[in-house]
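Enquirer: Residue numbers (numbering that gives the first Met the number 0), protein chains in the order written: chain F, 0 to 428; chain Y, 0 to 428.
One structure is given below, represented as structure tokens, and several questions about it will come after.
Number of protein chains: 2
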Amino acid sequence: MAVLRVGVAGLGTVGAGVVRLLAENFSVIAARAGREIVVTAVSARDVSRDRGVSLEGMNWHADPAGLATDPDVDVVVELIGGADGAAKSLVEAAILAGKPVVTANKALLAVHGSTLAEMAEAAGVTLGFEAAVAGGIPVIKVLREGLAGNRLSRVAGILNGTCNYILTVMREEGKDFSTVLADAQALGYAEADPSFDIDGVDAAHKLAILAALAFGRRVDFGAVHVEGIRRISALDISFAEELGYRIKLLGIAREISGGVEVRVHPAMVPKGALLAAVEGVFNAVLAEGDFAGTIFLQGRGAGAGPTASAVVADLIDICRGGALPVFGARMGALADTPAVPMPKHVGAFFLRLMVVDQPGVLADVTAILRDCNVSLESMLQHGRAPGEAVPIVLVTHETSEAAMNEAIARIGKLASVLEAPALIRIEPG
Amino acid sequence: MAVLRVGVAGLGTVGAGVVRLLAENFSVIAARAGREIVVTAVSARDVSRDRGVSLEGMNWHADPAGLATDPDVDVVVELIGGADGAAKSLVEAAILAGKPVVTANKALLAVHGSTLAEMAEAAGVTLGFEAAVAGGIPVIKVLREGLAGNRLSRVAGILNGTCNYILTVMREEGKDFSTVLADAQALGYAEADPSFDIDGVDAAHKLAILAALAFGRRVDFGAVHVEGIRRISALDISFAEELGYRIKLLGIAREISGGVEVRVHPAMVPKGALLAAVEGVFNAVLAEGDFAGTIFLQGRGAGAGPTASAVVADLIDICRGGALPVFGARMGALADTPAVPMPKHVGAFFLRLMVVDQPGVLADVTAILRDCNVSLESMLQHGRAPGEAVPIVLVTHETSEAAMNEAIARIGKLASVLEAPALIRIEPG
Chain F
0 MAVLRVGVAG LGTVGAGVVR LLAENFSVIA ARAGREIVVT AVSARDVSRD
50 RGVSLEGMNW HADPAGLATD PDVDVVVELI GGADGAAKSL VEAAILAGKP
100 VVTANKALLA VHGSTLAEMA EAAGVTLGFE AAVAGGIPVI KVLREGLAGN
150 RLSRVAGILN GTCNYILTVM REEGKDFSTV LADAQALGYA EADPSFDIDG
200 VDAAHKLAIL AALAFGRRVD FGAVHVEGIR RISALDISFA EELGYRIKLL
250 GIAREISGGV EVRVHPAMVP KGALLAAVEG VFNAVLAEGD FAGTIFLQGR
300 GAGAGPTASA VVADLIDICR GGALPVFGAR MGALADTPAV PMPKHVGAFF
350 LRLMVVDQPG VLADVTAILR DCNVSLESML QHGRAPGEAV PIVLVTHETS
400 EAAMNEAIAR IGKLASVLEA PALIRIEPG
Chain Y
0 MAVLRVGVAG LGTVGAGVVR LLAENFSVIA ARAGREIVVT AVSARDVSRD
50 RGVSLEGMNW HADPAGLATD PDVDVVVELI GGADGAAKSL VEAAILAGKP
100 VVTANKALLA VHGSTLAEMA EAAGVTLGFE AAVAGGIPVI KVLREGLAGN
150 RLSRVAGILN GTCNYILTVM REEGKDFSTV LADAQALGYA EADPSFDIDG
200 VDAAHKLAIL AALAFGRRVD FGAVHVEGIR RISALDISFA EELGYRIKLL
250 GIAREISGGV EVRVHPAMVP KGALLAAVEG VFNAVLAEGD FAGTIFLQGR
300 GAGAGPTASA VVADLIDICR GGALPVFGAR MGALADTPAV PMPKHVGAFF
350 LRLMVVDQPG VLADVTAILR DCNVSLESML QHGRAPGEAV PIVLVTHETS
400 EAAMNEAIAR IGKLASVLEA PALIRIEPG
């Protein structure tokens, strides 16, 4: 069969990785795809930069949109990034030109995924995005194909390697957040502007995509509840250890009565749970199907090699053919299951207060919790320091988030409570 | 699009599970597959047995081969089992009739996989076997599609839940093999005739399939080195704990100089390794790709639900179309990488001897190891019992299996060595 001619937009680490992978593994890829896959055109800002790969014989486009109309390009690989701008224009132009698209762009998919999927469906072209979530782990394929016979009840994952690295180092070295972040930046594990990662936005983009696939809904980034890891303290990490938990930034999509919860936030996970053992820059995803049971996947969530592996898997799928609906079913057949707002969330909570060590404080706190219908599983206070600030840790039974919020508002107003209470949700993991 | 009409041969737990899954999740499956999937015909021995699912309106075939020619059947699902006989006849007849086949039959695939794949390729029909390996874990899909851009260097897995359950309970309860096996049989976790599982044959069938996919070779069950877990003692499990290892029955396919090693045997795995943490009836597979890095998958490896999930995933893939080569590439494009025989294996070893506690024994043993070029990493002997039998444990550095075999043969002949030495390979896990 004819060669599959690929145009690559964006020649950063990942783009160069894709060019290198297609060259290095050329013959095994051809044998598996049933046809040769060749990069015939590229687009990037700087034509002269050395990227460690040969671009010889490839058409060069200063404007990425040129790939959509290049007659030497059958498939467009979009690695520019960003929810709008050049990335979006290129993907739209390629689809309208009837060319399949492969992208690693989670922001684009999270924000415009439904519209782009409708365009792709109308044009009858593939929109592949394995590389957009969890890098080298084929989680899109596992959810959309491997578990396609199942109704899923829950998908939970560690979707951001930077956050997981920071939390791992904080625990191992007992350092606080800002110190570890600065170290991570120096080592290149965190960006100069780290907010996208540490505020949970990157994980939320990925979770929005997973939730759409898992529950057969349209992608709905706006419905994702997002909290990052800035407020996680060394103190809470050490209390977590003592109570038998690890703190992880989790993305969770879960079917509950009335709809679907979709949330990214730090969570306490029991140490024995699969997600608790995922350390450093690794990513992992756990999916619960009604027939398959729980499937757990772990691997490298970022980097040139793993991301290129996912891009090339999508290209090989395109060669092998078949009609794969973008979000697991035709857009018209997706369910309109509502997203349930966070106040309706029900779960257990870890609550840490800094209080003045004086008689009656605990009585005041527990009276408020009782009045808000929050029942306690355990309480922890170490040492005594009469008249000084001491931490008190409370672990609740399952309770509604609305009740918990009300209790915290009241507790925060007590004169003996010295800081805003720290609240971390507890998850099965 | 027209309904996909399925004929199911074999209505045991898994067959009934497939019928139930297709009925219970009928509409989500139709939305995902793009067409309705309906069981129109079945074959089993006993028409009257209650299987907890409705067979109303389905054609009944006393002879499974009838499904191949039934005009109401588009796809044949083979769940009879066994490498030959009715299962093989049915699969061949279906392929020759131009009908796609989905099977959970690892023995059939391991022994006749290459021939059947050639037949399927010639007939242009799909031969799906996701359910044949690791039940609900979509490992076939991950290797053949998700990691298709990678050269794999190693696949290692816990592929038999019965063995993993027995080894887990032996460790947790400190009981010996035969006691735990009897308990497992009473609980239904082990068959009345358990040899297929505990002698490693079932794991070897699965590994033969994974090795073919991972390394683009023809399936070669005969080349798999197979050892089971009968000889694992409570004593060695407790030494493993002390040395920081867990004993697991692993299936390992690894590229080494000169070819591919394909072996199933008990192995000591460091406690911190991913495979060491897989306990009870769970299965897990680890794959190392040159670009993706290490991918780890865990889930339920057997049972009606997980296996049915895998069968239905294959049926949905058939609806979605596309040409997927059975073993990852066209049969003519498979490599003829040779299998390397075990004596050429190089690795570290755990060696446990029962010796008479008397002066000079250790000197004799270490002299033999030196003469065979086996160097030691550590040695362990607890307590003293002059003139009595005591265990001595030796852990070697990397050495060739041939050298180790020679050393053991000589050590076994020493008058002070009272039992056949126990040898367990050490693996990274």
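Built from N, CA and C at the ideal position, the CB exists for glycine as well.
Pull the bridge partners of S232(Y) from the DSSP assignment, please.
Expert: S232(Y) pairs with nothing; no bridge assigned.
Enquirer: Is it true that the CB of I246(F) sits closer than 8 Å to the CB of I28(F)?
Expert: Not a contact, by the Cβ cut-off of 8 Å.
Enquirer: Per the contact definition of three or more C-beta pairs closer than 8 Å, is the segment 96-114 of chain F in contact with the segment 276-292 of chain F?
Expert: Too few Cβ pairs lie closer than 8 Å, so no.
Enquirer: Taking D434(Y) as the query, report the chain F residues whose CB atoms sit under 7 Å from its CB, ordered along the chain.
Expert: Past the boundaries of the shown model lies residue 434(Y); chain Y is included only from 0 to 428, so the question cannot be answered.
Enquirer: What does T293(F) reach in chain Y if we use C-beta pairs closer than 7 Å?
Expert: Within chain Y, the residues near T293(F) are G298.
Enquirer: Restricting to runs no shorter than 4 residues, where is the alpha helix (DSSP H) found entirely within the segment 21-60 of chain F?
Expert: Entirely contained in the segment 21-60 of chain F, the alpha helix (DSSP H) runs reaching 4 residues are, in chain order, 25-32.
Enquirer: Quick one: give me the first and last residue of the beta strand (DSSP E) that Q297(Y) is part of.
Expert: Note, Q297(Y): beta strand (DSSP E), 292-299.
Enquirer: Please go through the same chain and pick out, in chain order, the residues whose beta-carbon is closer than 6 Å to the beta-carbon of L89(F), but skip the five residues on each side of it.
Expert: Correct list, in chain order: A8, P63, A64, E77.
Enquirer: Going by DSSP, name the residue or residues bridged to S399(Y).
Expert: DSSP, once it has assigned bridges, lists V345(Y) as partnering S399(Y).
Enquirer: Under the three-state reduction of DSSP, which class applies to I136(Y): helix, strand or coil?
Expert: DSSP places I136(Y) in coil when its eight states are reduced to three.
Enquirer: Excluding five sequence neighbours on each side, which residues of the same chain lie with their C-beta closer than 7 Å to the C-beta of V46(Y)?
Expert: Once the five neighbours on either side are set aside, the close Cβ partners of V46(Y) are W59.
Enquirer: Can you list the alpha helix (DSSP H) stretches of 4 or more residues lying completely in the segment 191-279 of chain F, in chain order?
Expert: Listed in chain order, they are 194-197, 200-214, 233-242.
Enquirer: I'd like to know if G386(F) contacts chain Y, where contact means its C-beta is closer than 8 Å to some C-beta of that chain.
Expert: Chain Y, which has no Cβ nearer than 8 Å to the Cβ of G386(F), makes this no.
Enquirer: To the nearest angstrom, report how far apart I157(Y) and V277(Y) are at their CA atoms.
Expert: Cα to Cα, the separation comes out at about 8 Å.
Enquirer: Out of V259(Y), V72(Y), E240(Y), point me to the one whose CA is closest to G430(Y)'s CA.
Expert: No statement about residue 430(Y) is possible, as the shown extent of chain Y runs from 0 to 428 and does not include it.
Enquirer: Kindly say whether I136(F), judged by its beta-carbon, lies nearer than 8 Å to any beta-carbon of chain Y.
Expert: Yes - at least one Cβ of chain Y is within 8 Å of the one on I136(F).
Enquirer: Closest to V389(Y) by C-alpha separation, out of A291(Y), R351(Y), E400(Y), would be which residue?
Expert: It is R351(Y).
Enquirer: Are the CB atoms of V74(Y) and L314(Y) nearer to each other than 8 Å?
Expert: Yes; because the gap between Cβ atoms is below 8 Å, this pair is in contact.
Enquirer: Below 9 Å on C-beta distance, what does L20(F) contact in chain Y?
Expert: The answer, in chain order, is G148, N149, D289, F290.
Enquirer: Report buried or exposed for V168(F), applying the criterion of at least 16 other Cβ atoms within 10 angstroms of its Cβ.
Expert: Buried, because 16 or more other Cβ atoms sit within 10 Å of the Cβ of V168(F).
Enquirer: From what residue to what residue does the beta strand (DSSP E) around A155(F) run?
Expert: First-last of the beta strand (DSSP E) with A155(F): 151-157.
Enquirer: Expressed to the nearest angstrom, what Euclidean distance is found between the alpha-carbon atoms of L186(F) and V179(F)?
Expert: When rounded, the distance between both Cα atoms is 10 Å.
Enquirer: Name, going along the chain, the residues of the segment 200-227 of chain Y whose beta-carbon falls closer than 9 Å to a beta-carbon of chain F.
Expert: Taking 9 Å as the Cβ-Cβ cut-off against chain F, the residues of the segment 200-227 of chain Y that qualify are G215.
Enquirer: Count Cβ pairs between the segment 136-155 of chain F and the segment 137-150 of chain Y that sit closer than 8 Å; are there 3 or more?
Expert: The answer is yes - the segment 137-150 of chain Y touches the segment 136-155 of chain F, with three or more Cβ pairs under 8 Å.
Enquirer: Exposed or buried, what is I208(Y) when buried is set at 16 or more other beta-carbons lying within 10 Å of its beta-carbon?
Expert: Classification of I208(Y): buried, given that the 10 Å Cβ count is 16 or more.
Enquirer: Out of V325(Y), I165(Y), A181(Y), point me to the one whose CA is closest to A94(Y)'s CA.
Expert: For the sequence presented, residue 94(Y) should be read as Ile rather than Ala. The option with the nearest alpha carbon to I94(Y) is V325(Y).
Enquirer: If distances are taken between C-alpha atoms only, which option among A133(F), S152(F), A1(F), D69(F) comes closest to E287(F)?
Expert: Ranking the options by Cα distance to E287(F), first place goes to S152(F).
Enquirer: Cβ closer than 7 Å: which chain Y residues qualify as neighbours of L323(F)?
Expert: Simply R319.
Enquirer: Looking only at its chain, what residues have a beta carbon closer than 7 Å to the beta carbon of L417(Y), apart from the 5 residues adjacent to it on each side?
Expert: Once the five neighbours on either side are set aside, the close Cβ partners of L417(Y) are M353, V354, V355, A388.
Enquirer: Can you pull the chain Y neighbours of P305(F), defined as C-beta to C-beta under 8 Å?
Expert: Ordered by position in chain Y, the residues that pass the 8 Å Cβ test against P305(F) are F290, A291, G292.
Enquirer: Chain F beta carbons: is any one of them nearer than 8 Å to that of G65(Y)?
Expert: No, no contact with chain F.
Enquirer: Check the Cβ-Cβ distances between A312(F) and every residue of chain Y, and say whether any is below 8 Å.
Expert: Yes, contact with chain Y.
Enquirer: Alpha carbons only, please: which of R48(Y), F349(Y), G199(Y) is nearest the one belonging to L242(Y)?
Expert: Nearest of R48(Y), F349(Y), G199(Y) to L242(Y), Cα basis: F349(Y).
Enquirer: Taking the CB atoms as reference points, tell me whether L333(F) and R253(F) lie closer together than 8 Å.
Expert: No, these two residues do not count as a Cβ contact at 8 Å.
Enquirer: Assuming V268(Y) contacts E397(Y) (C-beta within less than 8 Å), just tell me the rounded distance between them.
Expert: With a Cβ gap of about 16 Å, V268(Y) and E397(Y) do not count as contacting.
Enquirer: Going residue by residue through the segment 310-381 of chain F, where are the continuous alpha helix (DSSP H) segments of at least 4 residues, counting only ones entirely within it?
Expert: If we require 4 residues or more, the alpha helix (DSSP H) runs fully inside the segment 310-381 of chain F come out as 360-370.
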